[in-house]
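Peer 1:
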């Protein structure tokens, strides 16, 4: 349909195709890959909490151990100590945001992974053997491209939120998230792994389904009931995890703003 085609065109032309990764950037990242790092992190529920913790750490108002004890939503490992890590053992987002850190106290900016928001620190690092540049060029370039596309997509959504007066109720989103479970679980037995898909859809009271997660100009609204309807329409194997508030908001935004994305595509001439 027209709306979906325009939405796809927006992401293709204005997000995916607009990202350029230079050879210098790849070479710089390759140099960072030559080190393994002793890392620690604090896992936070949202960006605001992560920015608050980073400010307190930078100002010296709180020690790392105290910040982890007070704020981290992950209770293991102790003090968030990840030990010695090489890039292939980490999520790409963690690699991107930590492998330029100087050891001995430098803090990363807040960054998001599927687990939540992180503040990371490099305690120490040392050189280790990696594959040659020619072999590493493509995976590093793909990593940088993926990160840039995510950043560009976030900027586009921010523009649309501002244009259409979109606001979110994080309290309602948190309420919704508490009823969702992990959609995919991997179980390892010896050398074989089994992927379990949870296809269940949570149930809410009529009063809760009427609660509004998002509103926008001219009376637009998106409720928990709308969330359940959109979620149920997705095949179980393709359903995203919605067991955290920010995951719910991301999903709601992708559904609720689709007409605005299509309209933006038409305004920028992509329909032609």
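In our numbering, the protein residues as written are 3 to 274. C-beta atoms are modelled at their ideal positions from N, C-alpha and C, and glycine is treated no differently.
1) Where DSSP assigns a beta bridge to residue 113, which residues make up the other side?
2) Of all the options 251, 74 and 149, which has the alpha carbon lying nearest to the alpha carbon of residue 176?
3) Alpha helix (DSSP H) containing residue 44: first to last residue?
4) Residue 185 and residue 241 - do their beta-carbons sit closer together than 8 Å?
5) Please confirm whether residue 162 and residue 262 have their CB atoms less than 8 Å apart.
6) Measure from the alpha carbon of residue 216 to the alpha carbon of each residue in 206, 208 and 229, then state which is nearest.
7) Between 49, 45 and 53, which lies nearest to residue 67 when the distance is taken from Cα to Cα?
8) Below 8 Å, how does it come out for the stretch 94-113 and the stretch 124-133: are there three or more Cβ pairs, yes or no?
9) Below 8 Å between beta carbons: does that hold for residue 36 and residue 118?
10) Looking at the structure shown, is residue 169 part of a helix, part of a strand, or coil, going by DSSP?
11) Between residue 87 and residue 34, what straight-line distance do the alpha-carbon atoms span, to the nearest angstrom?
12) Answer yes or no: do residue 260 and residue 9 have a C-beta to C-beta separation smaller than 8 Å?
13) By Cβ distance, which residues of its chain are closer than 8 Å to residue 112, with the 5 residues on each side in sequence left out?
14) Cβ atoms of residue 22 and residue 267: under 8 Å apart, would you say?
15) Among 273, 167 and 225, which residue has its Cα nearest to the Cα of residue 207?
Peer 2: If we stick to the structure as given:
1) 120
2) 251
3) Run containing residue 44: none in the alpha helix (DSSP H); it sits in the beta strand (DSSP E), 37-46.
4) yes
5) yes
6) 229
7) 45
8) yes
9) no
10) strand
11) 13 Å
12) yes
13) 46, 49, 52, 53, 56, 119, 120 and 121
14) no
15) 225
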